[in-house]
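Step one of this worksheet: look at the structure below.
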Amino acid sequence: MISSSAYGSNTWDLSVIVDHQSDEEQKEFPLQVTGDLHIGGVMLKLVEKIKVSQDWSDYALWWEQKKCWLLKTHWTLDKCGVQADAKLLFTTQHKMLRLRLPNMKTVRLKVSFSSVVFKAVSDICKVLNIRRPEELSLLKQSEDTLRKKKKKDKNSKELVTEDILNLCNSPVSSGLSASPGLYSKTMTPTYDPVSGTPASSTITWFTDSPLTEQNCSILAFSHPNCSPETLAEMYQPRTLADKAKLNAGWLDSSRSLMEQGIMEDDQLLLRFKYYTFFDLNPKYDAVRINQIYEQARWAILLEEIDCTEEEMLIFAALQAYHISKLSSSLETQDFTNESEVDEVEAALSNLEVTLEGGKSSNILEDITDIPKLADYLRLVRPRRLSIKTIKPYWFVFKDTSISYFKNKESGQGEPIEKLNLKGCEVVPDVNVAAKKFGIKLLIPVAAGMNEVYLRCDDENQYAQWMAASVLASKGKTMADSSYHPEVQKILSFLKMKNWTMSPQATSDPESIDMKPECFVSLRYTKKYKSKQLAARILEAHQNVSQMPLVEAKLRFIQAWQSLPEFGLSYYIVRFKGSKKEDVLGVSYNRLIRIDIATGDPITTWRFSNMKQWNVNWEIRQVGIEFDQNVSIAFTCLSADCKIIHEHIGGYIFLSTRSKDHNETLDEELFHKLTGGQE
Numbered sequence: 001m002i003s004s005s006a007y008g009s010n011t012w013d014l015s016v017i018v019d020h021q022s023d024e025e026q027k028e029f030p031l032q033v034t035g036d037l038h039i040g041g042v043m044l045k046l047v048e049k050i051k052v053s054q055d056w057s058d059y060a061l062w063w064e065q066k067k068c069w070l071l072k073t074h075w076t077l078d079k080c081g082v083q084a085d086a087k088l089l090f091t092t093q094h095k096m097l098r099l100r101l102p103n104m105k106t107v108r109l110k111v112s113f114s115s116v117v118f119k120a121v122s123d124i125c126k127v128l129n130i131r132r133p134e135e136l137s138l139l140k141q142s143e144d145t146l147r148k149k150k151k152k153d154k155n156s157k158e159l160v161t162e163d164i165l166n167l168c169n170s171p172v173s174s175g176l177s178a179s180p181g182l183y184s185k186t187m188t189p190t191y192d193p194v195s196g197t198p199a200s201s202t203i204t205w206f207t208d209s210p211l212t213e214q215n216c217s218i219l220a221f222s223h224p225n226c227s228p229e230t231l232a233e234m235y236q237p238r239t240l241a242d243k244a245k246l247n248a249g250w251l252d253s254s255r256s257l258m259e260q261g262i263m264e265d266d267q268l269l270l271r272f273k274y275y276t277f278f279d280l281n282p283k284y285d286a287v288r289i290n291q292i293y294e295q296a297r298w299a300i301l302l303e304e305i306d307c308t309e310e311e312m313l314i315f316a317a318l319q320a321y322h323i324s325k326l327s328s329s330l331e332t333q334d335f336t337n338e339s340e341v342d343e344v345e346a347a348l349s350n351l352e353v354t355l356e357g358g359k360s361s362n363i364l365e366d367i368t369d370i371p372k373l374a375d376y377l378r379l380v381r382p383r384r385l386s387i388k389t390i391k392p393y394w395f396v397f398k399d400t401s402i403s404y405f406k407n408k409e410s411g412q413g414e415p416i417e418k419l420n421l422k423g424c425e426v427v428p429d430v431n432v433a434a435k436k437f438g439i440k441l442l443i444p445v446a447a448g449m450n451e452v453y454l455r456c457d458d459e460n461q462y463a464q465w466m467a468a469s470v471l472a473s474k475g476k477t478m479a480d481s482s483y484h485p486e487v488q489k490i491l492s493f494l495k496m497k498n499w500t501m502s503p504q505a506t507s508d509p510e511s512i513d514m515k516p517e518c519f520v521s522l523r524y525t526k527k528y529k530s531k532q533l534a535a536r537i538l539e540a541h542q543n544v545s546q547m548p549l550v551e552a553k554l555r556f557i558q559a560w561q562s563l564p565e566f567g568l569s570y571y572i573v574r575f576k577g578s579k580k581e582d583v584l585g586v587s588y589n590r591l592i593r594i595d596i597a598t599g600d601p602i603t604t605w606r607f608s609n610m611k612q613w614n615v616n617w618e619i620r621q622v623g624i625e626f627d628q629n630v631s632i633a634f635t636c637l638s639a640d641c642k643i644i645h646e647h648i649g650g651y652i653f654l655s656t657r658s659k660d661h662n663e664t665l666d667e668e669l670f671h672k673l674t675g676g677q678e
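In full-length UniProt numbering, the protein residues as written are 1 to 678.
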């Protein structure tokens with residue numbers, strides 16, 4: 001029998017499972033509630049019924065069927081839609097997570113499973129002392145990677161346990177912001193800009209952070225490479241479709257880890273998702289620079305990005321016989337024995353450098369006079385039966401266009417052809433040893449892409465025309481302040497490639513104490529014997545042997561950025577109106593439609609011409625509108641459409657950053673640009 005008072009009270013039973021850390025088994029507690037009881041009241045009733053005295057501040061209610069957190073404690077059960085059949089779990093919001101960093105080291109730390117991934121990554125980066133967390137995100141390993149790993153474990157039965165860096169005492173674990181010391185925005189340098197070691201003036205900051213001196217060296221220094229056998233067992237993408245699979249696992253930045261099926265102590269990859277490395281400063285970014293370097297190194301070793309044999313040897317020389325050796329020698333040093341540097345002096349020194357800025361003597365000249373290039377270049381035209389015709393013409397580069405004439409004398413008249421490079425693809429075609437300095441231009445036309453090949457006579461001519469072409473493709477002229485630095489960057493990269501065999505290098509390749517096979521991709525270990533590889537890497541090493549550690553890493557990153565495929569993230573898509581699959585390459589400033597069979601670019605669309613983009617969630621279709629009434633629509637086949645939409649919106653968000661602003665992120669703008677609404 002039910003009493004009349006209970007019958008008319010509108011109360012009902014709600015079962016809540018408590019995930020208590022001290023108990024191995026979860027316990028279920030029935031509560032008598034009403035629909036107008038708010039979530040905070042439910043938690044209060046529950047804690048009173050548990051009768052355990054402890055800090056419950058990190059606990060919240062998780063609704064299992066709806067896969068969502070009930071974090072708005074002022075909302076009532078009716079407003080949340082919670083009824084008697086709801087399965088609620090009272091659990092901690094911060095849980096342990098294993099993160100595989102770009103340097104293949106695993107860290108274990110407490111992360112908020114209730115915050116959106118964008119916020120969680122920001123908190124993680126504060127603990128790891130990585131500035132600009134908006135460039136990174138969390139990635140689930142692809143099934144192919146895991147399948148290969150399981151196969152390896154089954155075959156080898158390795159007994160080696162993974163070396164995990166435990167940062168479970170990090171400030172993130174209690175929901176607090178990370179220690180301001182390591183993540184300081186003051187002018188005091190955190191690291192030595194030459195060696196990357198913690199600066200003596202800031203060494204005391206490490207005592208308040210989980211990132212101790214030893215842990216810092218694990219994250220900020222490079223470590224010995226894995227063996228060729230281990231490299232062979234790792235997943236290596238062979239085709240564009242394989243490369244597209246690597247991007248299928250990006251987590252949704254607008255949802256929490258728990259909402260995306262991530263459980264406590266799962267392993268995720270922390271990776272740089274956006275290839276726009278803003279404001280890299282060796283004084284503050286030793287960890288960040290090293291992790292970017294490591295991500296680049298593994299991308300090259302696993303052939304996630306293509307490079308020539310000449311470039312592979314440069315990368316091997318930089319990482320093998322330079323960065324690895326310098327890192328190991330620095331790790332043996334005792335940081336605390338360094339001479340003390342007065343903090344005020346360090347701050348004043350840094351302020352002086354900041355205030356000096358760049359030279360401004362040519363500012364007025366840049367504004368009033370747009371430079372132009374004029375010289376004889378050779379035009380290469382592909383003909384039928386693979387026969388090429390190479391003829392010299394007088395070329396004039398002005399604004400963002402190239403015109404060419406029969407000779408210098410006719411340069412004032414009508415050109416044979418005028419090529420507008422805005423929105424084109426610029427691909428280097430260089431072999432320094434063979435004195436080949438070519439520029440491949442893929443210019444968008446109505447029918448697809450028009451290919452134009454230019455041949456330069458020497459390094460200087462190539463650097464000037466290549467830099468001008470790169471800027472023109474972005475809609476910039478040679479009057480832009482980035483032109484001369486771009487020329488110098490190209491020249492320095494060519495200088496690294498330009499080596500000659502010295503007697504010292506050839507005489508003693510045996511003296512190298514590292515296996516050369518560890519520093520090149522498998523393609524080259526199959527092509528050359530160990531002694532041949534060692535000798536060739538030593539040749540390349542001569543041009544980089546005098547570089548300090550951090551400069552060598554930055555050079556490696558610059559060389560990686562110079563590769564034609566740098567910064568392209570691939571997705572398999574089907575465009576509206578098309579019956580076949582294509583690959584869509586997403587870069588920091590453009591989208592490229594690529595033929596999935598041949599790998600040739602078909603069309604390029606620049607973000608600078610984009611008017612709006614959105615998602616039709618019913619048919620999972622991304623639509624983008626550009627200037628001049630150009631619009632495209634596609635469905636993504638290799639990943640959820642939200643992933644590719646967020647990738648595009650994320651690059652738009654990053655383009656709004658400025659050095660004038662502080663490092664506080666506009667999270668609301670990020671979600672607005674990546675959320676999928678018009």
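Each residue gets a CB set at the ideal place from its N, CA and C atoms; glycine is no exception.
Burial state of residue i (16 or more Cβ within 10 Å)
{"i": "Val573", "result": "buried"}
{"i": "Ile619", "result": "exposed"}
{"i": "Asp582", "result": "buried"}
{"i": "Thr230", "result": "exposed"}
{"i": "Asp285", "result": "buried"}
{"i": "Thr656", "result": "exposed"}
CA-to-CA distance, residue j to residue i, given in whole angstroms
{"i": "Phe315", "j": "Trp394", "result": "36 Å"}
{"i": "Arg100", "j": "Tyr275", "result": "19 Å"}
{"i": "residue 698", "j": "Val107", "result": "Past the edges of the chain, shown from 1 to 678, lies residue 698, and the structure says nothing about it."}
{"i": "residue 681", "j": "Lys553", "result": "Outside the displayed range of the chain (1 to 678) lies residue 681, so it cannot be described from this structure."}
{"i": "Glu451", "j": "Cys424", "result": "10 Å"}
{"i": "Glu489", "j": "Ile557", "result": "Here residue 489 is Lys; the residue named in the question, Glu, does not match the sequence. Taking the straight line from one Cα to the other gives about 12 Å."}
{"i": "Pro444", "j": "Lys422", "result": "9 Å"}
{"i": "Ala296", "j": "Ser401", "result": "33 Å"}
{"i": "Ala491", "j": "Ile124", "result": "Position check: residue 491 holds Leu in this sequence, whereas Ala was assumed. The straight-line gap from Cα to Cα measures roughly 38 Å."}
{"i": "Asn281", "j": "Glu486", "result": "18 Å"}
{"i": "Gln93", "j": "His20", "result": "12 Å"}
{"i": "Pro601", "j": "Leu136", "result": "27 Å"}
{"i": "Cys226", "j": "Val520", "result": "11 Å"}
{"i": "Trp465", "j": "Tyr376", "result": "11 Å"}
{"i": "Arg255", "j": "Leu71", "result": "13 Å"}
{"i": "Leu665", "j": "Val52", "result": "39 Å"}
{"i": "Leu379", "j": "Ala317", "result": "34 Å"}
{"i": "Trp605", "j": "His541", "result": "39 Å"}
{"i": "Tyr528", "j": "Tyr588", "result": "36 Å"}
{"i": "Gly623", "j": "Leu584", "result": "13 Å"}
Residue i - DSSP class collapsed to helix/strand/coil
{"i": "Tyr275", "result": "coil"}
{"i": "Pro30", "result": "strand"}
{"i": "Pro564", "result": "coil"}
{"i": "Trp298", "result": "helix"}
{"i": "Val117", "result": "helix"}
{"i": "Tyr235", "result": "coil"}
{"i": "Cys68", "result": "strand"}
{"i": "Leu669", "result": "helix"}
{"i": "Asp85", "result": "coil"}
{"i": "Glu539", "result": "helix"}
{"i": "Ala479", "result": "coil"}
{"i": "His645", "result": "helix"}
{"i": "Pro548", "result": "coil"}
{"i": "Cys80", "result": "helix"}
{"i": "Arg378", "result": "strand"}
Sequence-distant residues of its chain with Cβ nearer than 6 Å to residue i (five each side left out)
{"i": "Leu97", "result": "Val111"}
{"i": "Leu139", "result": "Gly249, Trp250, Leu269 and Arg271"}
{"i": "Phe653", "result": "Phe670 and Leu673"}
Contacts around residue i, its chain only, beta-carbon distance under 7 Å, and the 5 residues preceding and following it disregarded
{"i": "Ala232", "result": "Leu522"}
{"i": "Leu348", "result": "Low local confidence applies: a pLDDT of 46 at Leu348 is under 50, so the model's placement there is unreliable, and no value is given."}
Same chain only: Cβ atoms within 8 Å of residue i, ignoring 5 sequence neighbours per side
{"i": "Gly31", "result": "Per the sequence shown, the amino acid found at residue 31 is Leu instead of Gly. The answer, listed in chain order, is Asp13, Leu14, Ser15, Val16, Val42, Lys45, Leu46 and Lys49."}
{"i": "residue 688", "result": "Residue 688 lies beyond the residue range present for the chain, which begins at 1 and ends at 678; the question has no answer from this structure."}
{"i": "Gln291", "result": "Leu101, Pro102, Asn103, Ile130, Leu219 and Phe272"}
{"i": "Lys418", "result": "Ser401, Ile402 and Ser403"}
Pair every Cβ in the stretch 587–599 with every Cβ in the stretch 235–247, then say whether three or more of these pairs are closer than 8 Å.
Contact between the stretch 587–599 and the stretch 235–247 is present: three or more C-beta pairs spanning the two stretches fall below 8 Å.
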